[in-house]
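If you use numbering that gives the first Met the number 0, the sequence shown corresponds to residues 0 to 61, in order.
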Amino acid sequence: MASEKKINVNFEVTEEMKEFLEKMVKEYDLPDISKALRCLLDFAQEDGDLEEIFEEIRCRRC
Numbered sequence: 000m001a002s003e004k005k006i007n008v009n010f011e012v013t014e015e016m017k018e019f020l021e022k023m024v025k026e027y028d029l030p031d032i033s034k035a036l037r038c039l040l041d042f043a044q045e046d047g048d049l050e051e052i053f054e055e056i057r058c059r060r061c
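Set out below in structure tokens:
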């Protein structure tokens, strides 16, 4: 999977989410926040419980 060509995608996130990604970059010595987000997406695709992730509505910022 690491050899797959990466494409640019624009995401809107909150400041808190951006700070979380930046913290993960520092904590895990990642090259950038794009890598941090790809790690989260890889986990969701490979190991995540998709029903747990997507069926329950979580609204921390409502």
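Glycine included, every Cβ here is placed at the ideal spot set by N, Cα and C. Note that this is a predicted model, so its numbers are computed, not measured.
Scanning its chain for C-beta atoms nearer than 8 Å, with the 5 sequence neighbours on each side dropped, one finds around Leu29 the residues Met23, Ala35 and Cys38, in chain order.
Here DSSP, grouped into helix, strand and coil, assigns Glu15 to helix.
With respect to the 8 Å criterion, Glu21 and Ile32 are classified as neighbours on the basis of their beta carbons.
Contact between Ala43 and Ile52 is confirmed by a C-beta separation of about 6 Å, below the 8 Å threshold. According to the DSSP assignment, Ser33 belongs to the alpha helix (DSSP H) that extends over Ile32 to Glu45.
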